[in-house]
Amino acid sequence: MPTSPTVFDSHIADWMAEQHEPWNRLKYTVTQANLARHLLAGTLAILDAGGGNGADSLPLALAGHAVTIADYSQKMLAVARRRAAELGVGARVATHTADLLRLGELFPQPQFDVMLCHNVLQYLDDAPALLGALAATLKPGGLLSIISMNRYGAPYSAACFGNDLNAAYEQLDQPVGRAILFDTPVCHYSADEITALLPGAGCAPLADYGIRCLYDYWGDNERKRDPATHAQLERLELALTDRHPYKLLARFFQVVARKA
Numbered sequence: 044m045p046t047s048p049t050v051f052d053s054h055i056a057d058w059m060a061e062q063h064e065p066w067n068r069l070k071y072t073v074t075q076a077n078l079a080r081h082l083l084a085g086t087l088a089i090l091d092a093g094g095g096n097g098a099d100s101l102p103l104a105l106a107g108h109a110v111t112i113a114d115y116s117q118k119m120l121a122v123a124r125r126r127a128a129e130l131g132v133g134a135r136v137a138t139h140t141a142d143l144l145r146l147g148e149l150f151p152q153p154q155f156d157v158m159l160c161h162n163v164l165q166y167l168d169d170a171p172a173l174l175g176a177l178a179a180t181l182k183p184g185g186l187l188s189i190i191s192m193n194r195y196g197a198p199y200s201a202a203c204f205g206n207d208l209n210a211a212y213e214q215l216d217q218p219v220g221r222a223i224l225f226d227t228p229v230c231h232y233s234a235d236e237i238t239a240l241l242p243g244a245g246c247a248p249l250a251d252y253g254i255r256c257l258y259d260y261w262g263d264n265e266r267k268r269d270p271a272t273h274a275q276l277e278r279l280e281l282a283l284t285d286r287h288p289y290k291l292l293a294r295f296f297q298v299v300a301r302k303a
């Protein structure tokens with residue numbers, strides 16, 4: 044069953060604070076760098092599916108693109124609208140309360156050049172249905188970017204970050220974990236699993252990346268808050284993101300595909 048919107052509504056303040064932490068700032072930096080490799084020139088119509096407060100898509104509005112954010116948390120969308128106004132891009136940002144599995148009711152015709160589905164997949168238990176719903180709103184040739192928690196990185200996170208070897212052992216064969224901040228179950232996938240599903244949604248895989256390939260398994264949070272250390276980690280992560288085998292154990296994966 045999909046995670047209830049009340050789970051996200053009740054943790055908005057915590058989530059917004061967490062977004063400003065260096066590990067999430069790095070995550071957004073790597074995400075945008077990977078996406079930039081595939082964006083076509085010109086002004087693009089972008090749908091941020093499950094975009095919450097717009098952290099992934101508002102930078103694209105600042106770059107001049109037309110952004111639509113669809114999410115089932117009205118409180119998150121209110122934050123996105125306020126932030127868009129503060130950034131001076133309110134006219135380029137639209138928001139819709141929506142069930143992502145029923146996007147076709149909101150957008151019956153393919154109308155988007157780019158689709159972001161970042162950190163949404165883990166909160167749903169029907170990946171093929173979600174991919175199909177997303178692809179249906181993309182124009183032919185449209186770009187799809189998916190980010191989710193990496194199944195292969197889960198045991199390492201439990202051991203190195205959580206310092207829990209029993210949990211690490213259990214994660215070896217567990218497709219389900221738990222989101223600490225939102226205190227809710229999550230589904231674990233891998234980039235290869237999602238890549239294999241894309242042709243069924245009418246999309247051709249272009250590339251896959253690892254996000255925070257080493258970051259979560261090194262040092263402590265105080266060291267990561269040091270600006271000079273952050274710059275070193277960012278340089279390293281940008282170099283690792285597309286390199287095999289390092290990307291296989293990243294905390295998150297990013298898969299990019301194009302609709303036929």
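Quick note on my numbering: the sequence shown kicks off at 44 and runs consecutively.
Ideal Cβ positions, reconstructed from N, Cα and C, are used throughout, including at glycine.
Phenylalanine 295 (DSSP reduced to helix, strand or coil): The count along the sequence shown starts at 1 and reaches residue 295 at position 252. Strand at phenylalanine 295.
I need the boundaries of the beta strand (DSSP E) containing lysine 182, first residue and last residue. Looking up residue 182 in the sequence shown gives position 139. From DSSP, the beta strand (DSSP E) with lysine 182 extends over 181-192.
By alpha-carbon positions, which one of Ala222, Gly185, Asp269, Ala56 ends up nearest to methionine 192? Numbered from its first residue, the sequence shown carries residue 192 at position 149. The residue with the shortest Cα to Cα distance from methionine 192 is Ala222.
Which word fits serine 53, buried or exposed, when buried means at least 16 other C-beta atoms lie within 10 angstroms of its C-beta? Here residue 53 corresponds to residue number 10 of the sequence shown, with the count starting at 1. Looking at its Cβ environment, which holds fewer than 16 other Cβ atoms inside 10 Å, serine 53 is exposed.
Return yes when at least one heavy atom of the ligand COA lies under 7 Å from the C-beta of leucine 101, else no. No copy of the ligand COA appears in this structure; indeed no ligand is present at all.
Take glutamine 62 as the anchor and find which of His231, Ala244, Pro270, Leu224 has the nearest alpha-carbon. As a first step, residue 62 is located in the sequence shown; it is residue number 19 there, counting from the start. Considering only alpha carbons, the answer is Leu224.
Using CA coordinates, which residue listed in Leu283, Leu146, Glu129, Thr86 is at the minimum distance from alanine 113? Taking the sequence shown and counting its residues from 1, one reaches residue 113 at position 70. Per the Cα distances, Leu146.
Taking valine 252 as the reference, give the member of Cys160, His287, Tyr232 with the closest Cα. The residue labelled residue 252 in the question sits at position 209 within the sequence shown. Looking at the sequence shown, residue 252 is not valine but tyrosine. That would be His287, whose Cα lies nearest to the Cα of tyrosine 252.
In three-state DSSP terms, what is aspartate 91? For the purposes of this step, residue 91 is taken as the residue at position 48 of the sequence shown. When secondary structure is reduced to three states using DSSP, aspartate 91 falls in the strand class.
So, is proline 171 buried or exposed, given that buried needs 16 or more other C-beta atoms within 10 angstroms? The count along the sequence shown starts at 1 and reaches residue 171 at position 128. Exposed, because fewer than 16 other Cβ atoms sit within 10 Å of the Cβ of proline 171.
Taking only runs of the beta strand (DSSP E) that begin and end inside the region 188-251, which ones reach a length of at least 3 residues, in chain order? 219-222, 227-230
Residue from Val73, Asp156, Phe51 with nearest C-alpha to aspartate 99: One-based indexing of the sequence shown puts residue 99 at position 56. With distances taken between Cα atoms, aspartate 99 lies closest to Val73.
Is the beta carbon of leucine 164 sitting closer than 8 Å to the one on isoleucine 189? If you number the sequence shown from 1, residue 164 lands on position 121. If you number the sequence shown from 1, residue 189 lands on position 146. A contact, by the Cβ cut-off of 8 Å.
Quick one: give me the first and last residue of the beta strand (DSSP E) that alanine 109 is part of. Locating residue 109 in the sequence shown gives position 66, counting from the first residue. From DSSP, the beta strand (DSSP E) with alanine 109 extends over 109-114.
Within the continuous beta strand (DSSP E) that includes alanine 137, where are the two ends? Counting from 1 along the sequence shown, the entry for residue 137 is found at position 94. Its beta strand (DSSP E) spans residues 136-140.
Short of 6 Å in beta carbon distance, which residues of its chain neighbour alanine 197, apart from the five on each side in sequence? Order them along the chain. Position 154 of the sequence shown, counted from the first residue, corresponds to residue 197. Taken in chain order, the residues that qualify are Gln214, Gly220, His231.
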